[in-house]
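Every number in this note's numbering is 18 more than the matching position in the sequence shown, counting from 1. Ideal placement from N, C-alpha and C gives every residue a C-beta, glycine not left out. In what follows, a structure is listed as structure tokens, so that the remarks can point back to it.
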Amino acid sequence: MMKGSQQQWPLLVPPPRTPGKEELPIDIDSSIPVSSMSKPYSDSQIEMSGDFVRNPSSHSIQSKSSSTHSIKGVSFREGHDLNPVSYGSRGASLGSNPVRYGSRGASSGGFTSSYKEINDEDARLVYVNDPGRTNQQRFKFAGNSIRTSKYSILTFLPRNLFEQFHRIAYIYFLVIAILNQLPQLAVFGREASILPLAMVLFVTAVKDAYEDYRRHRSDRIENNRLASVLVNGEYEDKKWKDICVGEVIKVSGNQTLPCDMVLLSTSDATGVAYVQTTNLDGESNLKTRYAKQETQMRTPVVGNIGGLLIKCEKPNRNIYGFQANMEIDGKRISLGPSNIILRGCELKNTDWVVGVAVYAGKETKAMLNNAGAPSKRSRLEKRMNKEIIILSIFLVALCTVVSICHGAWLRRHREELYLMQFYRKYDYSEPEVKKYEYYGWGMEIFFVFLMSVIVFQVMIPISLYISVELVRIGQAYFMIRDDRMFDKSTNSRFQCRALNINEDLGQIKYVFSDKTGTLTENKMEFQCASVGGVDYDNGKDISTEDWQTGYSVQEYQGESPDEQALAYAAASYGFMLVERSSGHIVIDIQGKRQRFNVLGLHEFDSDRKRMSVIVGCPDQTVKVFVKGADTTMFKVIDKSLNLNMVNATESHLHSYSSKGLRTLVIGMRELSTSEFEQWQSSYESASTALMGRAKLLRKVANNVENNLKLLGASGIEDKLQQGVPEAIESLRTAGIKVWVLTGDKQETAISIGYSSKLLTSKMTQIVINNNSKDSCRKNLDDALQLYKKLSNVSHSNDGGHGAGTNQLALIIDGTSLVYILETELEEKLFELASKCTAVLCCRVAPLQKAGIVALIKNRTDDMTLAIGDGANDVSMIQKADVGIGISGQEGRQAVMASDFSMGQFRFLVPLLLIHGHWNYQRISYMILYNFYRNVVLVFVLFWYVLFTGFTLTTAITDWSSVLYSVIYTSLPTIVVGILDKDLGRGTLLQYPQLYGAGQRGESYNGKLFWVTILDTMWQSVAAFFIPLAAYWDSTVGVSALGDLWILAVVILVNIHLAMDVIRWYTITHIAIWGSILATFICVMIIDALPFLPGYWAFFMIAKTKLFWVCLLGIVVAGMVPRFVVKVFVQHCKPNDIHIAREAEKFGNLRETNAETEMNPISDLPRSTATATT
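Set out below in structure tokens:
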């Protein structure tokens, strides 16, 4: 549409009439779709509008009719009408109050102040074009400067260190370093003891500093942008950071809004402006905003603007709500979400707008919403912390043994302590005899304990934290670059937004999925309509591409995909939207233009679940048009007017839902003069009220939305995404339970369940639809009894050899969940749902989705994953162990709150079955390997202490002890953790059952941990005692033996790693063998420095053959037991991984055997393997 009012271009142009095509009846009173009208409604109501315009959780798609399936259904139903639950606000903040998932009357604390009423005391007073007066009130308004950085030059060091030392391990190593600085406890060199912790802190600090530098740079660019501000009657450029509340700002087309502004005027004579909110909520479709006609006519482009007072609510996070009044010439005008444009939005299709700043800087809604998703920790990391605690206890035990033995040694040699080196009780070197380096028996034992902690500190692997982070970064890189997860339609790749839970992708047991935009494309196509009781279904898809071909017109910018579909459908039948403003719309009806005055609009709310518009028609009548879901609309329709038509429409709606179409019901009634005047008076009074405005408007709407004449209904198709049925089948084969949580009607949800293969004809359906707690309890009990009966029948048919093959599917609605969640009935629901193959929840609210996730998380140790694409999925995504956002048609709210994001649901298969499996196997092995390599060294040091009078002297040099975890052994484990693959892509996709290894924790569990510790003890015995025995009677020094021991340990742990590597790459060879070579070089350099202990020791011992024979003997003795056990397990007791690896190695010769030997994962307990011999 062209700007201004002199020339209007059509928004929609009808295509040529098709001969012989059945046309919709032309009747102005009953056939004009309300959805094709342009109205001054806000985003919040459009996004929240249930089934009528766009509720992200209540879309539907086309699928095969449920009548084509052989359904065994068990339905628990009470009454005929289902009371839908409250959907709440998609923009509401959950706040800090406890979240109630199931209650209708959820705590209002869950909503921000935009949904509460404001009074005069809480109101913010903004004097238009008078910033001085505005900012001299009791409220101190923020400036427009923003800051997203965390640190300054002065605060960086203390704050960053404070944040880093939240890790207990860091505090542990800090205490160790401090203890080593004390003369009585100095075991290592003071510099060497600080190096490991200092290096870890330094690397992390550099990373944090670079990230914060980028934030500082972004803030500086943002704050120094220029805006046109009215100063002394003229617009002047002003930096964004200098803008104040109350100033009048002019924004030109394609510019970004510098602050939250109330519109005063626009370049369009009707006061309309279009903004794109991509930077705010990720949605790319344009939003319509309006300036009030009183200010639109009054405000010049340049000039003095004064005398206006805006009274608005305090700053809050709700980007979809705004409540305020404007006083102009003694008249109070109400302001709502459609009158404010927010910081970060971009002005589109509008030459300019003029507005007044009401919120600036950190008080803008965009900045108040600038918070990241809740931090999550992986399950392996949590278990790793438990194992570290066990190692800490083990460390204390070793130190206790050493200190007790040392105390006994002191008692036995107490008579010799007078002259013994290190323990002389007295110093006779001076004329005055003094006590010397002896603090008494008790203190000596205490000091030895602390010294033992220092010597054995490597038991806790500090390098593990950095190694795991580096491995996760490498894994994320390969996930992002995987072409299997590249969405060509949106040209978007997989995004890894949380690096700390990569391995959780390999342990998922439950997937909770939204439907619309997640399983479906969320690209709406009008399919059919019921008008006057007649079904119009021509089977022709009507989409944007269909009617636009060959026509040069401006694309209609709807506020949701289904609204656009309705508008295009209306245009294709000759009802074309030509012009829209805040006060009227113009529709071209079969070539004749007619103007309809928009007299008032009742937005959608969660109580009514409807929306309505009061329209002044060309024939001078006033009518109210109402649209909503059938469950709410048929309650306000006067069925006595035409009962046959109502029955026919209900039948059509059922047919549409069975096809998977999303439905909408439209009604209308004419208002008499008295009714209109009464409504107008009540509407104006309610809309200008500051106290109780929402309640008053709801009451006015209910008074006018009754005794409606049914006009008809519509059906819109939302097709399944490519590969969804195959993906669900693969996930189910992998032992993953898929639950679909949707806001759709039950019939639509069931139809989608069949088309997506979530439901099959072999499943027995258990349907629970109830309106009371007692009936819910009864039906849950009945369903559990039914399960027991079916299980017994199946068990008897199997001859007692199995659990049976009968599959159950639970279908439950949100109304029933109201009475079940957060009550004692949750246990029954959990018991029933956990026994079902598929669960389908329909008509559920966003918080109920999170409640369903919590139902599983709070009662099992199984990992959960939630996937969705809309703001209504955010609570579910954040509640699950892993949250995935689909970057689709509903904006990026889900993506911004997620841990990972991708373009299609089918990408879950390669993400979980391939990358999830690899990540879990790699990180699991890496953690155990890090424990192993550090404990080996600790035991070598421990054995040495036992042979040196428990004096805590060390044969291994200080620098070798420090470099052991930093240089000698760190790189190989990182490379293997990133690159190693136990199985190939094709095998993992061909046999989804292999995913069960992660679900059962086969690669990292308590048994493997203790087996690793036992293996570690044996290898330490081999590494220590073979050189000790070989050089027992020799004159080789302690430093030379120390070099032999450290080299033996490094060779052992690297050979150990090489034995476990499955896929060798060039960089793997370089890392493993290069680390051994680097150790030799470092030892030679350390022994070549004359100021360090052990000068030239390595060169003396390396000249002998015995040295090299010892190294070979240590490797053989240490590795042979492990090799024997490894061969025995893989050939005599293989698991699925071993079998599949053999099939990979020898090709198709053994693929059949591998497949038949794999048991169904769902039939096995967590503690058992899935392979049989």
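A straight line joining the alpha-carbon of S748 with that of Q1017 spans about 15 Å. Per DSSP, reduced to three states, the secondary structure at K780 is coil, with no helix or strand assignment. Per DSSP, reduced to three states, the secondary structure at Y1083 is coil, with no helix or strand assignment. Among the bridge pairs identified by DSSP, G634 is matched with N615 and V640. The C-beta distance from L398 to Y1013 rounds to 16 Å, too long to meet the 8 Å contact threshold. Between the C-alpha atoms of K394 and M651 there is a straight-line separation of about 43 Å. Here the alpha carbon of A587 sits roughly 23 Å from the alpha carbon of Y292. Separation of V489 and N937 (C-alpha to C-alpha, rounded to the nearest whole angstrom) is 9 Å.
By the Cβ criterion, the region 210-222 is in contact with the region 979-987, since at least three pairs of Cβ atoms, one from each stretch, lie closer than 8 Å. Setting aside the 5 residues that flank it on each side, V146 is surrounded in the same chain by G264, V266, L282, I323, G324, G325, L326, L327, I328 and V374, each with a C-beta closer than 8 Å to its C-beta; the list follows chain order. Cβ-Cβ distances below 8 Å link A227 to Y169, F174 and N178 in the same chain, with the five nearest sequence neighbours on each side left out; the list follows chain order. With contacts defined as CB atoms closer than 9 Å, L929 and I902 qualify as a contacting pair. DSSP, reduced to helix, strand and coil, places C1100 within a helical segment of the structure shown. With 16 or more other CB atoms across the displayed protein chains lying within 10 angstroms of its CB, A245 is buried. Where M385 is concerned, the enclosing alpha helix (DSSP H) starts and stops at K383 to L386. Checking the DSSP bridge columns, you'll see T284 partnered with V371. The three-state reading of DSSP puts F1043 in helix, counting H, G and I together.
Residue state for D148 is assigned as coil, using DSSP reduced to three classes. The alpha carbon of N721 has as its nearest neighbour, out of L738, R626 and G710, the alpha carbon of R626. Beta-carbon to beta-carbon, V785 and I838 are separated by about 14 Å, too far to satisfy the 8 Å threshold. DSSP places H935 in the helix class (H, G or I) of the three-state scheme. Using a Cβ distance threshold of 9 Å, F960 and S1057 do not count as a contacting pair. With a cutoff of 9 Å on beta-carbon distance, F957 and E405 are scored as not near each other. The C-beta distance from T382 to C277 rounds to 6 Å, short enough to meet the 8 Å contact threshold. Assignment of alpha helix (DSSP H) within the region 240-267, counting only whole runs of 4 or more residues, yields no such run.
L304 is positioned such that its CB atom lies closer than 9 Å to that of N367. C-alpha of V984 to C-alpha of S481: approximately 7 Å in a straight line.
E1162 and V927 have their C-alpha atoms spaced approximately 20 Å apart.
By the C-beta criterion, the region 721-733 is judged to be in contact with the region 654-674, since at least 3 inter-stretch pairs fall below 8 Å.
In this structure, G995 lies near R940, with their beta-carbon atoms less than 9 Å apart. Counting along the chain, no alpha helix (DSSP H) covers M503, and no H or E run does either. Across the set S774, V290 and G634, the C-alpha of S774 shows the shortest separation from the C-alpha of Q740. For the pair C860 and Y674, the CB atoms are not nearer than the 9 Å cut-off.
Between the alpha carbons of E543 and A583 lies a distance of about 6 Å. In the structure shown, the three-state DSSP call for D891 is helix.
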